[in-house]
Every structure is written in C-alpha cells, then in structure tokens.
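Numbering (the working numbering), first residue to last: 2 to 96.
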C-alpha cells in the first residue's frame, strides 16, 4: 500500500473576508474531490483571509500511480486562476 500526501499553501488575492475565502476554498476542494476521488480538506490557516492550506491524500497499490495522481492534482489546482500556490509539500509513504 502506498500513501501520497500533498500539502499546498495558497494565497487568495482579493479576499477581504472569511466568506470570500471560504467560497474559493470550497470551489477548489469540491472540484478536486470530484475530479480525482481523493480526500481533500482545508487543514490550516482557517481564520486568515488571504491564505489557505489544503491537504490531499491518495492511496494506491503502486507508487507510480500515486506519484502520477499527486502530480495531476497539483497541475489541476495550479490551473485555477482563483488562488496562487505559495508552497507545496509532497510525501510518499510505502507500507
């Protein structure tokens, strides 16, 4: 079993309230979850208007599949014009 974890810190420009931030974060999470069938959640900086930290988890039996899925998720989120990726952390764990 192989687990891939992706942690992204996003800057949400133009966000002046938590309501505006949550609408962007919700869009990113829902579209990523429905497109890739992975676990996705906002994991940090919930009270900061212009920043969000999103975590994604992928489980598979093959390391190449998990690496590919994590790369595709990263490219997909980069394709959004609503948030800029400030940092990314990827960890692949084999059990």
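The beta-carbon is built from N, C-alpha and C at its ideal position, and this holds for glycine as well.
In whole angstroms, give me the CA-to-CA distance for residue 54 and residue 15. 17 Å
Relative to the C-alpha of residue 52, which candidate in 59, 77, 72, 23 has its C-alpha closest? Among 59, 77, 72, 23, the Cα nearest to that of residue 52 is on 23.
In the DSSP assignment, what residue or residues form a beta bridge with residue 10? 54, 88
Output needed for residue 26: all residues of its chain with C-beta closer than 6 Å, excluding positions within five of it in sequence on either side, in chain order. Cβ-Cβ distances below 6 Å link residue 26 to 43, 53 in the same chain, with the five nearest sequence neighbours on each side left out; the list follows chain order.
Among residues of its own chain, excluding the 5 on either side of residue 88, which ones have a beta-carbon nearer than 6 Å to its beta-carbon? 10
From the DSSP output, in three-state form, read off residue 69 for me. helix
Report, in whole angstroms, the separation of the C-beta atoms of residue 93 and residue 64, which I expect to be a contact under 8 Å. 6 Å
Quick check: what's the CA-CA separation for residue 5 versus residue 68? 7 Å
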